[in-house]
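Asks: Residue numbers (my numbering), protein chains in the order written: chain R, 8 to 145; chain V, 422 to 1074.
We treat Cβ as the ideally placed atom computed from N, Cα and C, and that holds for glycine.
Keep in mind it's a predicted model, so treat the numbers as computed, not measured.
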Ligand SMILES: Cc1cc2nc3c(=O)[nH]c(=O)nc-3n(C[C@H](O)[C@H](O)[C@H](O)COP(=O)(O)OP(=O)(O)OC[C@H]3O[C@@H](n4cnc5c(N)ncnc54)[C@H](O)[C@@H]3O)c2cc1C
Ligand code: SF4
Ligand code: SF4
Ligand code: FES
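#1: Using a 10 Å radius around the Cβ and a threshold of 16 neighbouring Cβ atoms, would you call residue 834 (chain V) buried or exposed?
#2: Would residue 1045 (chain V) and residue 1017 (chain V) be called neighbours here (beta carbons separated by less than 8 Å)?
#3: For chain R, is any of its Cβ atoms less than 8 Å away from the one on residue 431 (chain V)?
#4: Which whole-angstrom value describes the C-beta separation of residue 878 (chain V) and residue 851 (chain V), a residue pair presumed to lie in contact below a C-beta threshold of 8 Å?
#5: Under DSSP, the alpha helix (DSSP H) around residue 839 (chain V) begins and ends at which residues?
#6: Could you give the C-beta distance for residue 15 (chain R) and residue 138 (chain R), rounded to a whole number, given that I count them as a contact under 8 Å?
#7: So is residue 81 (chain R) in contact with chain V if we call contact Cβ pairs under 8 Å?
#8: To the nearest angstrom, how far is it from the Cα of residue 919 (chain V) to the Cα of residue 827 (chain V)?
#9: Under 7 Å: does the beta carbon of residue 847 (chain V) sit that close to some heavy atom of ligand 1?
#10: From the DSSP output, in three-state form, read off residue 648 (chain V) for me.
#11: Is residue 17 (chain R) close to chain V, meaning its C-beta is less than 8 Å from at least one C-beta of that chain?
#12: Indicate whether at least one CB of chain R lies closer than 8 Å to the CB of residue 1069 (chain V).
#13: At which residue ranges does the segment 532-577 of chain V contain complete alpha helix (DSSP H) runs of 4 or more residues, listed in the order of the chain?
#14: Can you give me, in chain order, the residues of the segment 1037-1052 of chain V that have a beta carbon less than 8 Å from any beta carbon in chain R?
#15: Can you give me the C-alpha to C-alpha distance between residue 650 (chain V) and residue 124 (chain R), rounded to a whole angstrom?
#16: Mind listing, in chain order, the residues whose beta carbon lies closer than 7 Å to a non-hydrogen atom of ligand 4?
#17: State the DSSP-derived secondary structure class of residue 608 (chain V), mapped to helix, strand or coil.
#18: Listed in chain order, which residues of the segment 639-650 of chain V have Cβ atoms closer than 7 Å to some Cβ of chain R?
#19: Just checking: is the beta-carbon of residue 543 (chain V) within a distance shorter than 8 Å of some beta-carbon in chain R?
#20: Which residue's Cα is closest to the Cα of residue 1075 (chain V): V:729, V:800, V:629 and V:1063?
#21: With a 10 Å radius around its C-beta and 16 neighbouring C-beta atoms as the bar for buried, classify residue 922 (chain V) as buried or exposed.
#22: Taking CB distances under 8 Å as the criterion, tell me whether residue 47 (chain R) reaches chain V.
#23: Alpha carbon to alpha carbon, how far is residue 909 (chain V) from residue 989 (chain V)? Give it in angstroms, no decimals.
#24: Over the uninterrupted alpha helix (DSSP H) stretch that includes residue 35 (chain R), give me the two end residues.
#25: For chain V, check one thing: does any of its Cβ atoms lie closer than 8 Å to the Cβ of residue 20 (chain R)?
#26: Look at the alpha carbon of residue 872 (chain V) and the alpha carbon of residue 841 (chain V), and state the distance between them as a whole number of angstroms.
#27: Excluding five sequence neighbours on each side, which residues of the same chain lie with their C-beta closer than 8 Å to the C-beta of residue 899 (chain V)?
#28: Using the rule of at least 16 other Cβ atoms within 10 Å of the residue's Cβ for burial, across every protein chain shown, is residue 9 (chain R) buried or exposed?
#29: Just the chain R side, please: which residues come within less than 7 Å of residue 519 (chain V) by C-beta, in chain order?
#30: Please confirm if residue 958 (chain V) has its CB atom under 8 Å from at least one CB of chain R.
#31: Starting from residue 491 (chain V), find everything on chain R with Cβ-Cβ shorter than 7 Å and list it in chain order.
#32: Taking the Cβ atom as the reference point for each residue, do residue 677 (chain V) and residue 692 (chain V) lie within a distance shorter than 8 Å?
#33: Note down the Cα distance separating residue 560 (chain V) from residue 992 (chain V), rounded to an integer number of angstroms.
#34: State yes or no: is the C-beta of residue 999 (chain V) nearer than 7 Å to some heavy atom of ligand 3?
#35: Which residues mark the beginning and the end of the alpha helix (DSSP H) in which residue 978 (chain V) is found?
#36: Less than 8 Å between CB atoms is the rule here; does residue 58 (chain R) satisfy it with respect to chain V?
Below, the structure written as structure tokens:
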């Protein structure tokens, strides 16, 4: 993707669980699939380690988008972590609204270790979505 | 502030071609906490590792960040290196700038370089607050669970048991044996499959260290490497194993016929049945789906004739709970159904069969006693067409992978057919012949040269019946560049191999990764082919990918030796990145307790105050409870909130 200078480049913090989404991202790498570089990964053991505080912190510090990637329902390496994540993200989106932050700036996706292709598609799609929302103003 | 050393690997050109490693070093050098930064062509190589070691000493580093490939590849390498150099291994972190950066942004060097810098900064921040940790020791239960009683599970069980450890072999069918017991003769040596397998089955049944739980399935699993708790559902056979003396009188009186699984539906069995004469455990089973039922007893003829009174209509499903230290997954394969292939008649022609059915026709214990005869009219077919790659290697409509063994069994089928029907004609449609293996190419050549099997290079495009009821195969001969039409009496389809029916369900219970088709993933495709990345799980046989018997046996023995390695340890080391409670902050609210999937959290009264504890042996370090604690009283070691906040800052500042 050639960079056009006046295009808005969103800053995106990505939390990946180690067992599924990060492994899916690795697979995209070994398969040399290309995607947009705006998301910077932070790998945690499980998506359930992501605290709403971490997400709010990221927005406070100027992130335009926050991505959380976990295992598909039923596949969490720790049995049920991703269900907790789903619940927390649902509530957090309400909180974001109260703060005047578009809830679409926070995205939770299930991406398995075998979904390299889907990983790149979701990344590109989310980055484009945040791009269209523009810079975060609060 | 720590003294962190950052090593940026070029990975030859894999990283350096896209990421400007010099620039990265220049920028990272100035980052707070970084005492040293440099780039090197292959940090994981011997000289690379030596360089790291020397620098640790020379620059008095107390923490390391290696920016290289995915941590799944070299985290252990560099943590071991740290330990050898006197640095606590948990002070070493990997920044993944290859799989998640250089390889995926090849056309944008500037952005890739910026991203690499940010990734490294986050890891430097993490390293900066990492504590030195020691692995947590746990005891090992020295009993293995083997799931699946095909040749893979049989071999793994025997090897583990022969090393002196207890084995629990769980097979969901009434007998062990898997697909190998159904085969006629085996390529490339043509040994009789049953003749080589049954002695092993008997050995399993007699082995004092092996318990066979057939007609059983794993229902639930919890725990972790060395200490799994499993619940196994033993389905009722309605026949008491120890009482049944195999007289077979019940079969004579049973009025209900059902398709025989052993003969792949080519023949019938009764509702009470022995799957095949050499079945292990050697006992009959009542198939409740076909039996008219006994609530109340609708027929009961079998019970009337059973002298030892082995029939027990009151038998109930039983749940067996066991502790095991390691689990071998050996659930094998099934064949993709011909019903999926519209152009070959969706399985509606009787004389178009799959490879396993043809094995049963060839087998001396099969429905025709080993004679090749048509199902439709019992006649000996004079021209048989064998079609390769059915469902395999078809990205558009079916499965993209190669099932690996079909070329070989197809050659075997054609050869054995010619041995049985010397005046018959065998025609093989193939895309190309894959015969890698000792004696394999020679075997295929023999099929063609000595047994005069005709090989036509091309895919069969359609199979149908013409007006006279004759089977017609249309295909292309790509060598001659023309269309061919073959009239024949029988067609054998080499169906793709797929993970065994229900594998998906089991895999999700075990929580081990699998590929897009449901084959269980190995921890590393080259270097750790018999283990799962989930500790304590091992793989053997076709559960991992299609393979033949010699490969299956080799992998099973490999998996078994990994299990015995594990059992030979005094105690196991458990990752110490567990939850830790700050007792001063804990309010005793108890929110964390029900959240833990491993029951590692509990409330305790200490100095008249309620506080939550962490059982470090049970804690797997998911972090669920930490994100839920309203008082921030619990933190995950080396994934503390403060670390994560700083990592976020490193991205955004
Ligand atoms: C037509 C045909 C011909 C072949 N001919 C040859 C040949 O000539 N030479 C050769 O080397 N190879 C041959 N093969 C390949 C051979 O069949 C396999 O390599 C071998 O059987 C693999 O053994 P396995 O134990 O991995 O799997 P399987 O034989 O499939 O055994 C798996 C076992 O696990 C059980 N199971 C499945 N799921 C569960 C569960 N959830 N819980 C408990 N138990 C479960 C199954 O019931 C089964 O008993 C042939 C294959 C086919 C299809
Ligand atoms: S450490 Fe990783 S990136 Fe560096 S040379 Fe080795 S494999 Fe390649
Ligand atoms: S981190 Fe918390 S929830 Fe997760 S396993 Fe440990 S104690 Fe249980
Ligand atoms: S481990 Fe992936 S979501 Fe829990």
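Replies: The relevant details are as follows:
#1: Taking the second chain and counting its residues from 1, the one referred to as residue 834 (chain V) is at position 413. Its Cβ being crowded by 16 or more others within 10 Å, residue 834 (chain V) is buried.
#2: Indexing the second chain from 1 puts residue 1045 (chain V) at position 624. Indexing the second chain from 1 puts residue 1017 (chain V) at position 596. Yes, Cβ-Cβ distance for residue 1045 (chain V) and residue 1017 (chain V) is below 8 Å.
#3: Along the second chain, read from residue 1 onward, the residue named residue 431 (chain V) stands at position 10. By this cut-off, residue 431 (chain V) is not an interface position.
#4: Residue mapping note: residue 878 (chain V) aligns to position 457 of the second chain, counting from 1. Residue mapping note: residue 851 (chain V) aligns to position 430 of the second chain, counting from 1. With a Cβ gap of about 6 Å, residue 878 (chain V) and residue 851 (chain V) count as contacting.
#5: Taking the first residue of the second chain as position 1, residue 839 (chain V) is located at position 418. It spans 827-841 - the alpha helix (DSSP H) in which residue 839 (chain V) sits, taken as one unbroken run.
#6: Here the question's residue 15 (chain R) lines up with position 8 in the first chain. Here the question's residue 138 (chain R) lines up with position 131 in the first chain. Indeed they touch by this definition, with Cβ atoms about 6 Å apart.
#7: One-based indexing of the first chain puts residue 81 (chain R) at position 74. Output row for residue 81 (chain R): interface = yes.
#8: Counted from its first residue, the second chain places residue 919 (chain V) at position 498. Counted from its first residue, the second chain places residue 827 (chain V) at position 406. So the alpha carbons of these two residues sit roughly 13 Å apart.
#9: Residue mapping note: residue 847 (chain V) aligns to position 426 of the second chain, counting from 1. Outside the cutoff, so no.
#10: Here residue 648 (chain V) refers to the residue found at position 227 of the second chain. Strand, per DSSP.
#11: Numbered from 1 along the first chain, position 10 holds the residue referred to as residue 17 (chain R). No, no contact with chain V.
#12: Translated into the one-based positions of the second chain, residue 1069 (chain V) becomes position 648. Yes, residue 1069 (chain V) lies at the interface with chain R (some Cβ there is under 8 Å from its Cβ).
#13: none
#14: 1041, 1042, 1043, 1044, 1045, 1047, 1048 and 1049
#15: Position 229 of the second chain, counted from the start, is the residue given in the question as residue 650 (chain V). Position 117 of the first chain, counted from the start, is the residue given in the question as residue 124 (chain R). Rounded to whole angstroms, residue 650 (chain V) to residue 124 (chain R) spans 36 Å at the Cα level.
#16: R:24, R:25, R:26, R:27, R:28, R:52, R:53, R:54, R:55, R:77, R:78, R:83, R:84, R:85, R:88, R:89, R:92 and V:1043
#17: For the purposes of this step, residue 608 (chain V) is taken as residue 187 along the second chain, with counting starting at 1. Taken through DSSP and simplified to helix, strand or coil, residue 608 (chain V) comes out as coil.
#18: For the segment 639-650 of chain V, which is checked against every Cβ of chain R, not one residue is closer than 7 Å.
#19: Here residue 543 (chain V) refers to the residue found at position 122 of the second chain. Closer than 8 Å to the CB of residue 543 (chain V) there is at least one CB belonging to chain R.
#20: Since the first residue shown for chain V is 422 and the last is 1074, residue 1075 (chain V) is missing from the structure and cannot be characterised.
#21: Sequence index remark: in the second chain, residue 922 (chain V) carries index 501 (1-based). Here residue 922 (chain V) is exposed, its C-beta having fewer than 16 other C-beta atoms within 10 Å.
#22: Mapped onto the first chain, residue 47 (chain R) falls at position 40. Yes, residue 47 (chain R) counts as interfacial toward chain V.
#23: The sequence position of residue 989 (chain V) within the second chain is 568, counting from 1. The sequence position of residue 909 (chain V) within the second chain is 488, counting from 1. Using only the alpha carbons, I get a separation of about 59 Å.
#24: For this step, residue 35 (chain R) is matched to residue 28 along the first chain. Where residue 35 (chain R) is concerned, the enclosing alpha helix (DSSP H) stretches over 28-37.
#25: Residue mapping note: residue 20 (chain R) aligns to position 13 of the first chain, counting from 1. True, the Cβ-Cβ gap to chain V drops below 8 Å.
#26: The residue you call residue 872 (chain V) lines up with position 451 of the second chain. The residue you call residue 841 (chain V) lines up with position 420 of the second chain. Spanning the two alpha carbons is a distance of roughly 11 Å.
#27: As a first step, residue 899 (chain V) must be located in the second chain, where it is residue number 478. 878 and 879.
#28: On the first chain, residue 9 (chain R) is found 2 positions in, with the first residue counted as 1. Residue placement at residue 9 (chain R) is poorly supported in this model, since its pLDDT is 48, which falls under 50; the coordinates still yield a value, given next. Exposed: under 16 other Cβ atoms inside 10 Å.
#29: In the second chain, residue 519 (chain V) corresponds to position 98, counting from 1. Correct list: 36.
#30: Position 537 of the second chain, counting from 1, holds the residue named residue 958 (chain V). It does not: the Cβ of residue 958 (chain V) has no partner Cβ on chain R nearer than 8 Å.
#31: The sequence position of residue 491 (chain V) within the second chain is 70, counting from 1. What residue 491 (chain V) touches in chain R: 33.
#32: Counting from 1 along the second chain, the entry for residue 677 (chain V) is found at position 256. Counting from 1 along the second chain, the entry for residue 692 (chain V) is found at position 271. Cβ distance < 8 Å, so residue 677 (chain V) and residue 692 (chain V) count as in contact.
#33: Counted from its first residue, the second chain places residue 560 (chain V) at position 139. Counted from its first residue, the second chain places residue 992 (chain V) at position 571. Taking the straight line joining both Cα atoms gives about 5 Å.
#34: For the purposes of this step, residue 999 (chain V) is taken as the residue at position 578 of the second chain. At least one heavy atom of ligand 3 is nearer than 7 Å to the Cβ of residue 999 (chain V), so yes.
#35: To locate residue 978 (chain V), count along the second chain from 1; it is residue 557. For residue 978 (chain V), the enclosing alpha helix (DSSP H) begins and ends at 970-989.
#36: Reading the first chain from its first residue, position 51 is the one you call residue 58 (chain R). Output row for residue 58 (chain R): interface = yes.
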